[in-house]
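Contents: one structure, followed by commentary.
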Amino acid sequence: MISPKRIVAIILSMLMLSLMACGSSDDDPVSTTTTTTFDSEDLFYATMRETTPVYDPISAEGEQEGLFGLLPEGLIEGESPAWGNEVLLYKVYFTLRDFRSPRDEGVVDRSNLYKLLYDAESVFTDGYEFAEALATPRTIASPFAGIDTSATVFTHAVNSIEESEDDEGADDEAAGDETTSLAYKVTGDVIEVLVSWKWSEEALPNKAERGIAYYVYDKTTQDITIDMVYSVDYDISSPESTYNLRCKASGNIADHSFNFNYIINDTKIIAKGVSQGDGNYVIFKYTTGLETKYLKVPVGEGEQFFKDVFEGIEPVPDEIDDPNGYLEWIDAQTFMDEDDLLTSTEQLNVGVEGIAGTINLDF
Numbered sequence: 004m005i006s007p008k009r010i011v012a013i014i015l016s017m018l019m020l021s022l023m024a025c026g027s028s029d030d031d032p033v034s035t036t037t038t039t040t041f042d043s044e045d046l047f048y049a050t051m052r053e054t055t056p057v058y059d060p061i062s063a064e065g066e067q068e069g070l071f072g073l074l075p076e077g078l079i080e081g082e083s084p085a086w087g088n089e090v091l092l093y094k095v096y097f098t099l100r101d102f103r104s105p106r107d108e109g110v111v112d113r114s115n116l117y118k119l120l121y122d123a124e125s126v127f128t129d130g131y132e133f134a135e136a137l138a139t140p141r142t143i144a145s146p147f148a149g150i151d152t153s154a155t156v157f158t159h160a161v162n163s164i165e166e167s168e169d170d171e172g173a174d175d176e177a178a179g180d181e182t183t184s185l186a187y188k189v190t191g192d193v194i195e196v197l198v199s200w201k202w203s204e205e206a207l208p209n210k211a212e213r214g215i216a217y218y219v220y221d222k223t224t225q226d227i228t229i230d231m232v233y234s235v236d237y238d239i240s241s242p243e244s245t246y247n248l249r250c251k252a253s254g255n256i257a258d259h260s261f262n263f264n265y266i267i268n269d270t271k272i273i274a275k276g277v278s279q280g281d282g283n284y285v286i287f288k289y290t291t292g293l294e295t296k297y298l299k300v301p302v303g304e305g306e307q308f309f310k311d312v313f314e315g316i317e318p319v320p321d322e323i324d325d326p327n328g329y330l331e332w333i334d335a336q337t338f339m340d341e342d343d344l345l346t347s348t349e350q351l352n353v354g355v356e357g358i359a360g361t362i363n364l365d366f
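Just so we're aligned, residue 4 is where the sequence shown starts under the numbering used here, counting upward by one.
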């Protein structure tokens, strides 16, 4: 005989199941936020540091901030600059200078690959828990058409994650306007992420920073690719942006090989090599459009090597010894140009009703 308590429990269970069935249907699927978790060792900053070279600064104290600021103190316009952010070779070094938070906050800006990766990863890790499982996995185009995401069928996505008033760089615009949007897919050991963001500051209401990053990492093969675009608009009354950057990098964490193509305004860099291991090296090809130069950098060097080359202390041979044949690949590549940059909000979500001109995702 079934006890009265058992009968009550059965009835309650049936009622709960009935209520759940009434609350959803195939036509109106229940959206659920993600339960996926991500290890920081598998994300942008840590993985790329094992692929592209990381160059130690001579000193992390008192370094000039950024690349495109004022002339170094005491420098007369037209005078040959000392080692610093007016020197092309310094810009090459600075793109891959070591960045560590909080040590380098306020010293290294987002013209540095690792600072940009660190911040893009922070946007993703702060927001991915808000992503909802899509009723049907689907491709989602990057807001910036230059970044091709068609190879990924995303399973989770979210638009316009609202930030609290206490969040640094919180956007004061109305709820539902662009702030942070992201999509991702995890299949076995493969992580695929698309993240876009817009930052503004209460102290600088006419300034906006926008970025988009597409990241793919296979933990089995340890292959990694990233494609990022970043811009700063100092006058939001017009669609054009003043400071523009694009980075394409790919490589392998196990053997530390990499390919690198970078543009920051008119500074253009292509590089290939192996970033770790005795006897390995990297070759850079770089220009501002006036003259194209090459430099071979052995593994283990840092800012001092670049500075010595600039000052003539480290001799540069007329011909680069390249036993691994990196130059053939480098010379087969073309420098990126203005067409590869996000120079105007009019390039975002072109023709997409409701979100044209924004970093929101269309899904």
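Heads up, the beta-carbon is just placed ideally off N, CA and C, and yes, glycines get one too.
In the DSSP assignment, the residues bridged to Met231 are Ala216 and Cys250. Counting only runs of at least 3 residues, the stretch 67-151 fully encloses the following beta strand (DSSP E) elements, listed from N- to C-terminal order: 135-141.
Between Leu137 and Asn363, the alpha-carbon positions lie close to 16 Å from each other.
Scanning its chain for C-beta atoms nearer than 6 Å, with the 5 sequence neighbours on each side dropped, one finds around Lys210 the residues Tyr237, in chain order.
Each residue's CA atom was taken as its position, placing Asn327 and Lys299 some 12 Å apart. Checking the DSSP bridge columns, you'll see Val302 has no partner listed. For Ala49, the enclosing alpha helix (DSSP H) begins and ends at Phe47 to Arg52.
For Lys296, the three-state secondary structure derived from DSSP is strand.
For Tyr58, no beta strand (DSSP E) encloses it, and the DSSP letter there is neither H nor E. When secondary structure is reduced to three states using DSSP, Val156 falls in the coil class, being assigned neither helix nor strand. About 15 Å separates the beta carbon of Ile143 from that of Phe127, a gap too long to meet the 8 Å contact definition. Annotated three-state conformation of Val189 is strand, per DSSP. If you draw a straight line from the Cα of Glu132 to the Cα of Leu92, it is about 41 Å long. In the DSSP assignment, Tyr329 falls within the unbroken alpha helix (DSSP H) covering Tyr329 to Ala335.
Straight-line measurement puts the Cα of Ser260 at about 6 Å from the Cα of Ser278. By alpha-carbon distance to Asn268, the top candidate from Lys94, Met51 and Pro56 is Lys94.
Closest in alpha carbon position to Asp258, among Asn247, Ser234 and Asn283, is Asn283.
Linking Tyr48 to Glu306 through their CA atoms gives a straight-line distance of about 20 Å. The bridge partners DSSP lists for Ser347 are Glu243.
In this structure the stretch 301-320 does not lie against the stretch 181-198, because fewer than three pairs of beta carbons, one per stretch, are closer than 8 Å.
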